[in-house]
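Numbering (our numbering), first residue to last: 82 to 544.
Positions of the beta carbon are idealized from the N, C-alpha and C atoms, including for glycine.
Structural data, given as structure tokens:
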């Protein structure tokens, strides 16, 4: 099946759903299932839409979409998580189906786009959807701040694209990579690369470009929380990884600057989580640190372990934000002391949340441990001892605040408020927790893929 359907069908149904607003969440679920079927049947390769190959310039003109193993993994994760989030919020947020279909189309397009202009277009579509999703928080100032920062980020990304187009006369990713590789003077592309890095850094929640995060995720709910911190973060880091490993030729001073930004982001993110007394803030600051680690792995060409870390964090944070945001809805307070002991009478929920937390911490028996052990080993092979020290120090800080939080959530006192979770939540939590344990104890499937999952380099080399 044609991969264009992954973009066209959600967009088409999103517009049609305006006519039947009552059923928009049901339509969203059906579209998500349809997309997963398309992914199962789709063949990998490049799709040309409305264009042709110019034999004189060897330039691919028109819109091109590219599906390889890398994009397939990203699309399964994005569409699968949207399906889960939609099913769990089908009654709570019935008016957000159209917006989520718009988000689905934009994020699918981001992952599939093989030309920079359409990458920007899909960045705008998904950005608009994200702003609308955060309106469910009922915090208009925080949403406006997100809109403002997102607009600045996308503008910087666009300016970077304009500069690259002026330099190379193409927007096609494959052709541009060839042109950049043929450059003798790398300093010519530092400015556009830096602008695009900052632009995407806003959406990927990288310090210091993430001042919007606290307002949005600090007041999130069971819809906006997992959508922004799991689905959007996964999609943006996948796109970031594609550009870093193929287009952005980080070296010299720029490489040093980017590495310092990411290293500082890891430590500061965990320190902010350590100092917070609000559970949602602890989770969002932890996500900032994890996002910085993921991008750092891409910068060091550890593609496969960055991908695995994206998947593991998206699944874990989906559980963690759903659990906490539902509890906050019941208690109307996200201070740690207000949620004290909520797991005592919710053994299934508490156990699955604990599994997700321990996986994020990278403890043995969980998939997070396998991932952390492998990327630290590979960083050691590259003699990146400073980065290893930074990650280990941050992990120690992370372990302290997460263990402290778990103790509070498990041991109740007289003021403990009872929180109930319906069966749908529990089924999702158990399935995700099982996957985190299975791949933490049986890691052979994780060894079957390597850095070659990104197929753009092969296309660049062999056409």
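> In three-state terms, what does DSSP make of residue 247?
Replying inline: Counting from one through the chain shown, the residue named residue 247 turns up at place 166. Reduced to three states, the DSSP call for residue 247 is helix.
> Is DSSP giving residue 415 helix, strand or coil here?
Replying inline: Start at 1 with the first residue of the chain shown, and residue 415 comes out as number 334. Per DSSP, reduced to three states, the secondary structure at residue 415 is coil, with no helix or strand assignment.
> Between 176, 149, 286, which lies nearest to residue 100 when the distance is taken from Cα to Cα?
Replying inline: For the purposes of this step, residue 100 is taken as the residue at position 19 of the chain shown. Checked all of 176, 149, 286; the closest Cα to residue 100 is 176.
>> Distance check for residue 492 and residue 84, CA to CA, integer angstroms please.
In response: Counting from one through the chain shown, the residue named residue 84 turns up at place 3. Counting from one through the chain shown, the residue named residue 492 turns up at place 411. Roughly 49 Å separates the two Cα atoms.
> Considering only residues of the same chain and omitting the five flanking positions on each side of residue 196, which have a CB-CB separation below 7 Å?
Replying inline: By 1-based counting over the chain shown, the position of residue 196 is 115. So the list reads 144, 145, 252, 253, 254, once near-sequence residues are dropped.
> If you follow the alpha helix (DSSP H) that residue 355 is part of, which residue opens it and which one closes it?
Replying inline: Counting from 1 along the chain shown, the entry for residue 355 is found at position 274. Where residue 355 is concerned, the enclosing alpha helix (DSSP H) stretches over 333-356.
> So the alpha helix (DSSP H) residue 505 belongs to, where does it begin and stop?
Replying inline: Taking the chain shown and counting its residues from 1, one reaches residue 505 at position 424. Note, residue 505: alpha helix (DSSP H), 504-522.
> Taking Cβ to Cβ, would you say residue 471 is nearer than 8 Å to residue 347?
Replying inline: The residue you call residue 471 lines up with position 390 of the chain shown. The residue you call residue 347 lines up with position 266 of the chain shown. A contact, by the Cβ cut-off of 8 Å.
>> Judging by CA-CA distance, which residue of 502, 250, 158, 114 is the nearest neighbour of residue 311?
In response: Sequence index remark: in the chain shown, residue 311 carries index 230 (1-based). If we check each option's Cα against that of residue 311, 158 comes out closest.
> Quick one, which of 370, 520, 480, 403 has its alpha-carbon nearest residue 500's?
Replying inline: Residue mapping note: residue 500 aligns to position 419 of the chain shown, counting from 1. Measuring from the Cα of residue 500, the nearest candidate turns out to be 403.
>> In the DSSP assignment, the alpha helix (DSSP H) including residue 318 goes from what residue to what residue?
In response: On the chain shown, position 237 is the one that residue 318 refers to. From DSSP, the alpha helix (DSSP H) with residue 318 extends over 314-327.
>> On the criterion of 16 or more Cβ atoms from any shown chain inside 10 Å, does residue 245 qualify as buried, or is it exposed?
In response: As a position in the chain shown, residue 245 is number 164, starting the count at 1. The residue is buried, with at least 16 neighbouring Cβ atoms inside 10 Å.
> Per DSSP, what kind of secondary structure is residue 144 in: helix, strand or coil?
Replying inline: Walking along the chain shown from the start, residue 144 turns up at place 63. Residue state, collapsed to three classes: strand.
> Going by DSSP, which residues form a beta bridge with residue 278?
Replying inline: In the chain shown, residue 278 corresponds to position 197, counting from 1. DSSP output for residue 278 lists no bridge partner at all.
> So, is residue 137 buried or exposed, given that buried needs 16 or more other C-beta atoms within 10 angstroms?
Replying inline: In the chain shown, counting from the first residue as 1, residue 137 sits at position 56. At residue 137, the pLDDT of 42 sits below 50, so the modelled position is not reliable; the number obtained from the coordinates is stated separately. Classification for residue 137: exposed.
> How big is the Cα-Cα spacing for residue 444 and residue 477?
Replying inline: As a first step, residue 444 must be located in the chain shown, where it is residue number 363. As a first step, residue 477 must be located in the chain shown, where it is residue number 396. If I take the Cα positions, the gap works out to 11 Å.
>> Taking the alpha carbon of residue 220 as the reference point, which residue from 361, 301, 400, 163 has its own alpha carbon closest?
In response: Within the chain shown, numbered from 1, the residue matching residue 220 stands at position 139. Checking every option, the nearest Cα to that of residue 220 belongs to 301.
> Nearest to residue 205 by CA position, among 156, 284, 275, is which residue?
Replying inline: Taking the first residue of the chain shown as 1, we reach residue 205 at position 124. For residue 205, the nearest C-alpha among the options comes from 284.
> Between residue 186 and the rest of its own chain, which residues show a CB-CB distance below 6 Å, the 5 nearest in sequence each way excluded?
Replying inline: Within the chain shown, the letter at position 105 stands for residue 186. Excluding sequence neighbours, residue 186 sits near 88, 91, 92.
> If residue 406 and residue 306 are in contact, beta carbons under 8 Å, what's the gap, nearest whole angstrom?
Replying inline: For the purposes of this step, residue 406 is taken as residue 325 along the chain shown, with counting starting at 1. For the purposes of this step, residue 306 is taken as residue 225 along the chain shown, with counting starting at 1. About 5 Å; that satisfies the 8 Å criterion.
> When the distance is taken between beta carbons, is residue 373 closer than 8 Å to residue 287?
Replying inline: In the chain shown, residue 287 corresponds to position 206, counting from 1. In the chain shown, residue 373 corresponds to position 292, counting from 1. For residue 287 and residue 373, yes; Cβs fall inside 8 Å.
>> For a quick check, are the C-beta atoms of residue 391 and residue 278 less than 8 Å apart?
In response: Residue numbering aside, residue 391 sits at position 310 when the chain shown is read from its first letter. Residue numbering aside, residue 278 sits at position 197 when the chain shown is read from its first letter. Not a contact, by the Cβ cut-off of 8 Å.
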